[in-house]
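Quick notes on the structure that follows.
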Amino acid sequence: MTPLQKVSYEVTTTPVPSHLALGENTFIEKVIDTDLHCYDRDNKLVHGVFILLFQCIRSSLKCIKRMIRKTFAFALAGAAAVYATTFDVTFSTTSGHKVPSTLYGLMFEDINSGDGGLYAELIQNRAFQQVTPGTSAALTAWATLGSASIAVVKSSSPVSTALPNALSFKPTATSGTVGFTNDGYFGIPVTAGWKYTGSFFYRTPTPPATKISSSFTVGLRSTSGTVFTSTTVPFTTSSSWQQATFTFTASSTQTSVTNLFALTVNAATIGELTMEFTLISLFPPTFNNRANGMRVDISEALLAMDPGFFRFPGGNNLEGQTPAQRWAWESTVNSLVDRPGRLGTWGYINTDGLGLYEYLQWIEDMGMEPIMAVFAGYTLNGASVAQNSLQTYITEAINQINFAIGDASSNPQAAIRSAMGHPEPFDLTYIEIGNEDFFSSTTYTNYRWSAFVDALSAEFPQLHYISTSATSGSVPKLTPAPTYWDLHIYSNPNFFINGAFNFDILPRNGLQFFQGEYATTTQNSGATLAYPFIDGSIAEAAYMTGFDRNSDIVFAASYAPLLSSVSSIQWTPDLINFSPNSLILSTSYYVQKLFSVYKGDFYLTSTTNTASSPVQWSVTRDTATSQYFLKRYHSEHCSLHAPIHPASTAGTGTILTAAPGTMNTPTKPTAAVPSNFSFTAGKTITYNAPGLSLSVLVVVS
Ligand code: LX5
Numbered sequence: 001m002t003p004l005q006k007v008s009y010e011v012t013t014t015p016v017p018s019h020l021a022l023g024e025n026t027f028i029e030k031v032i033d034t035d036l037h038c039y040d041r042d043n044k045l046v047h048g049v050f051i052l053l054f055q056c057i058r059s060s061l062k063c064i065k066r067m068i069r070k071t072f073a074f075a076l077a078g079a080a081a082v083y084a085t086t087f088d089v090t091f092s093t094t095s096g097h098k099v100p101s102t103l104y105g106l107m108f109e110d111i112n113s114g115d116g117g118l119y120a121e122l123i124q125n126r127a128f129q130q131v132t133p134g135t136s137a138a139l140t141a142w143a144t145l146g147s148a149s150i151a152v153v154k155s156s157s158p159v160s161t162a163l164p165n166a167l168s169f170k171p172t173a174t175s176g177t178v179g180f181t182n183d184g185y186f187g188i189p190v191t192a193g194w195k196y197t198g199s200f201f202y203r204t205p206t207p208p209a210t211k212i213s214s215s216f217t218v219g220l221r222s223t224s225g226t227v228f229t230s231t232t233v234p235f236t237t238s239s240s241w242q243q244a245t246f247t248f249t250a251s252s253t254q255t256s257v258t259n260l261f262a263l264t265v266n267a268a269t270i271g272e273l274t275m276e277f278t279l280i281s282l283f284p285p286t287f288n289n290r291a292n293g294m295r296v297d298i299s300e301a302l303l304a305m306d307p308g309f310f311r312f313p314g315g316n317n318l319e320g321q322t323p324a325q326r327w328a329w330e331s332t333v334n335s336l337v338d339r340p341g342r343l344g345t346w347g348y349i350n351t352d353g354l355g356l357y358e359y360l361q362w363i364e365d366m367g368m369e370p371i372m373a374v375f376a377g378y379t380l381n382g383a384s385v386a387q388n389s390l391q392t393y394i395t396e397a398i399n400q401i402n403f404a405i406g407d408a409s410s411n412p413q414a415a416i417r418s419a420m421g422h423p424e425p426f427d428l429t430y431i432e433i434g435n436e437d438f439f440s441s442t443t444y445t446n447y448r449w450s451a452f453v454d455a456l457s458a459e460f461p462q463l464h465y466i467s468t469s470a471t472s473g474s475v476p477k478l479t480p481a482p483t484y485w486d487l488h489i490y491s492n493p494n495f496f497i498n499g500a501f502n503f504d505i506l507p508r509n510g511l512q513f514f515q516g517e518y519a520t521t522t523q524n525s526g527a528t529l530a531y532p533f534i535d536g537s538i539a540e541a542a543y544m545t546g547f548d549r550n551s552d553i554v555f556a557a558s559y560a561p562l563l564s565s566v567s568s569i570q571w572t573p574d575l576i577n578f579s580p581n582s583l584i585l586s587t588s589y590y591v592q593k594l595f596s597v598y599k600g601d602f603y604l605t606s607t608t609n610t611a612s613s614p615v616q617w618s619v620t621r622d623t624a625t626s627q628y629f630l631k632r633y634h635s636e637h638c639s640l641h642a643p644i645h646p647a648s649t650a651g652t653g654t655i656l657t658a659a660p661g662t663m664n665t666p667t668k669p670t671a672a673v674p675s676n677f678s679f680t681a682g683k684t685i686t687y688n689a690p691g692l693s694l695s696v697l698v699v700v701s
């Protein structure tokens with residue numbers, strides 16, 4: 001007979017979980033018997049989601065000592081009063097299914113989050129891409145310093161075909177410091193010890209007969225003129241473009257980010273000479289010290305989530321409003337002077353400095369698996385590319401994939417990758433064909449899906465192709481029949497609580513699902529959210545137990561959108577909001593992180609795992625560390641009574657809890673953050689959790 005472990009949960013009047021107390025040991029290895037119940041103040045059984053981690057660590061040689069780690073995550077909503085609650089959960093420690101390493105990951109597109117965000121470039125509008133010369137909009141972020149004039153012009157001799165515009169600069173005095181400034185993407189951080197790396201192109205359209213040799217000064221300063229750091233860059237007048245490079249290091253940290261990058265010159269040295277500048281760039285230290293790289297703090301916050309995959313580059317930003325405005329990989333590679341930029345879907349210009357190469361290199365550095373989307377002939381104006389015009393885009397997709405994984409010695413697209421610094425192919429398994437093609441299901445069904453997949457499969461039979469034309473597990477018929485489907489849902493807390501079993505009821509018929517986008521975007525009342533709030537985040541936790549439980553058919557899931565500036569916002573809420581020098585990690589961020597870090601690699605069958613159960617929960621195990629997880633949502637204070645065998649000696653835990661409505665915001669970025677605790681364990685755990693909380697309890701025995 002299969003041995004069982006009994007885990008029960010009892011109500012207490014303790015509003016904050018502070019410890020685990022020990023009780024009777026009913027664990028008899030291999031199978032754990034749990035039966036989860038939670039009652040509201042009227043003593044009615046209510047819905048719940050619950051995370052439980054067990055960890056068994058075998059001794060290094062003879063496996064004579066088994067350690068059991070238990071992790072319980074509670075999502076409890078409710079007021080301060082506490083009412084009778086008991087949880088009993090039953091699960092096997094042997095039967096179940098594997099949890100894919102890709103289960104929890106990230107979905108990214110530039111939605112106020114690439115330029116000025118993940119992509120570490122500090123200078124906004126650095127190359128005057130896609131602007132109309134002569135307009136004030138073309139000068140976004142730029143201003144004169146001293147007696148000078150600036151304007152964006154179409155250069156008579158542009159630095160490249162891709163960058164036709166330049167900043168025309170002319171002193172209007174013959175002495176004094178003159179120049180121009182850039183105020184960055186809503187500020188520029190000045191941080192002690194940071195070495196900034198910069199460069200710019202310049203020329204003198206009509207150079208003087210006698211060459212002038214002088215120097216520019218570049219640096220960071222306050223708006224009132226206090227220079228924090230600077231250096232000089234020598235120059236000579238020439239009608240040809242020259243590139244200057246420089247570095248400077250900040251010796252102080254400025255609390256304010258209202259700082260300026262300034263390029264100045266002594267007017268006495270050049271008089272009223274007109275000069276042109278473009279691709280004026282400044283980077284702080286980047287993640288993994290990559291040139292043209294990513295912001296360190298954002299990368300590290302994402303890395304802390306232990307993400308398994310990275311879906312990019314959209315989302316809507318893949319599609320564009322028209323085919324001409326689509327994300328086209330070729331425009332995002334090679335040198336930065338070869339990238340024209342584009343008007344992105346979200347209403348501002350993408351520099352495409354964060355291009356295909358930069359995505360793939362960073363994904364590799366982060367240890368994630370790419371889920372790379374290709375444009376599939378549908379745009380946000382509702383139009384589909386005609387069947388007889390589709391080949392261009394199919395070829396483009398093949399080339400995009402070859403850029404990532406082709407043989408650099410024989411494939412021209414792969415050779416670009418190699419020249420950019422990565423001769424070896426990147427890892428790539430998943431290709432997403434389009435985005436949200438349920439909006440254009442007829443053309444997707446009639447010809448687009450088959451045209452892309454037939455052609456791509458012929459070239460790359462080893463890859464998996466993800467369809468985007470379904471909104472639920474009730475998938476439409478496509479030829480060839482897809483195995484992989486990307487589903488998106490944005491809703492309110494009730495939806496996510498009630499939807500925790502959405503995947504349980506799907507047939508096991510070989511289909512694999514990707515919850516490529518989901519988030520609580522409104523309150524149950526319909527009111528919109530500026531930031532994720534704890535009620536929604538805990539509801540997402542409820543939904544995510546369904547991912548654990550159904551990870552035999554859910555191979556990946558990602559909250560969306562991932563990132564947004566606090567100063568320029570198209571979409572709320574977002575998982576992480578950032579300013580130039582800070583991050584606001586939302587309550588949903590912490591939920592995502594806890595699920596991902598504790599996802600395990602094997603789901604264990606549990607008895608309450610049915611759609612009719614009022615309690616939502618799942619149990620998984622990590623084989624390497626022999627960790628076991630159980631997840632739970634509930635709307636009242638609850639306590640946990642968990643017998644363990646063999647007896648535990650000690651445990652650690654993490655809890656995220658806050659009053660209903662709590663959000664992490666720029667003014668209160670840490671209103672709700674997880675806290676860690678430790679406890680003494682033994683034969684039984686008793687754990688008291690407050691309402692609206694998510695806890696992870698770890699016991700080793
Ligand atoms: C959603 C769906 C924001 C986006 C789309 C993504 O995360 O770009 O894939 O936008 S929506 O709902 O307006 O279509």
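The numbering of the sequence shown is full-length UniProt numbering, which starts it at 1 and goes up by one.
Glycine included, every Cβ here is placed at the ideal spot set by N, Cα and C.
Beta-carbon gap between residue i and residue j smaller than 7 Å
i, j, result
"residue 248", "residue 233", "no"
"residue 321", "residue 259", "no"
"residue 346", "residue 111", "yes"
"residue 484", "residue 466", "yes"
"residue 181", "residue 143", "yes"
"residue 269", "residue 214", "yes"
"residue 499", "residue 559", "no"
"residue 421", "residue 468", "no"
"residue 96", "residue 603", "yes"
"residue 533", "residue 355", "no"
C-alpha gap between residue i and residue j, whole angstroms
i, j, result
"residue 332", "residue 323", "16 Å"
"residue 244", "residue 199", "5 Å"
"residue 426", "residue 124", "30 Å"
"residue 374", "residue 404", "12 Å"
"residue 300", "residue 517", "22 Å"
"residue 246", "residue 276", "18 Å"
"residue 188", "residue 225", "14 Å"
"residue 453", "residue 344", "26 Å"
"residue 56", "residue 599", "Caution is warranted here: a pLDDT of 24 is assigned to residue 56, below 50, making its placement in the model unreliable, and no coordinate value can be reported."
"residue 418", "residue 399", "14 Å"
"residue 479", "residue 511", "14 Å"
"residue 164", "residue 557", "41 Å"
"residue 446", "residue 486", "19 Å"
"residue 572", "residue 561", "8 Å"
Option in the options with minimal Cα separation from residue i
i, options, result
"residue 493", "468, 523, 485", "523"
"residue 460", "428, 496, 434", "428"
"residue 312", "271, 306, 360, 275", "360"
"residue 283", "296, 552, 272", "296"
"residue 304", "593, 548, 168", "593"
"residue 583", "563, 287, 598", "563"
"residue 281", "406, 309, 351", "351"
"residue 196", "150, 120, 175", "120"
"residue 376", "386, 369, 367, 370", "386"
"residue 423", "665, 411, 432, 370", "411"
"residue 167", "430, 134, 581, 525", "134"
"residue 288", "129, 358, 165, 115", "358"
"residue 314", "107, 578, 509, 586", "107"
"residue 535", "340, 663, 326, 365", "663"
"residue 261", "472, 520, 546, 183", "183"
"residue 378", "390, 105, 122, 371", "390"
Burial state of residue i (16 or more Cβ within 10 Å)
i, result
"residue 47", "Low confidence applies to residue 47: its pLDDT is 31, below 50, so where it sits in the model is not reliable enough to give any reading."
"residue 588", "buried"
"residue 78", "Because the pLDDT of residue 78 is 28, which lies under 50, any placement of that residue in the model is unreliable, and the number read from its coordinates should be weighed accordingly. Answer is buried; the Cβ neighbour count reaches 16."
"residue 137", "exposed"
"residue 696", "buried"
"residue 672", "buried"
Cβ of residue i within 7 Å of any chain B Cβ
i, result
"residue 474", "The structure shown contains no chain B, having only a single protein chain."
Counting only runs that start and end within the region 488-568, where is the alpha helix (DSSP H) found for 4 or more residues in a row?
Counting only unbroken stretches of 4 or more residues, the alpha helix (DSSP H) elements lying wholly within the region 488-568 are 493-498, 534-549, in sequence order.
Can you list, in chain order, the stretches of the beta strand (DSSP E) that have 3 or more residues and sit fully within the region 114-159?
The qualifying runs are 142-145, 148-154.
Sequence ranges, beta strand (DSSP E) only - wholly within the region 179-256, length at least 3:
Listed in chain order, they are 195-203, 213-222, 227-236, 242-249.
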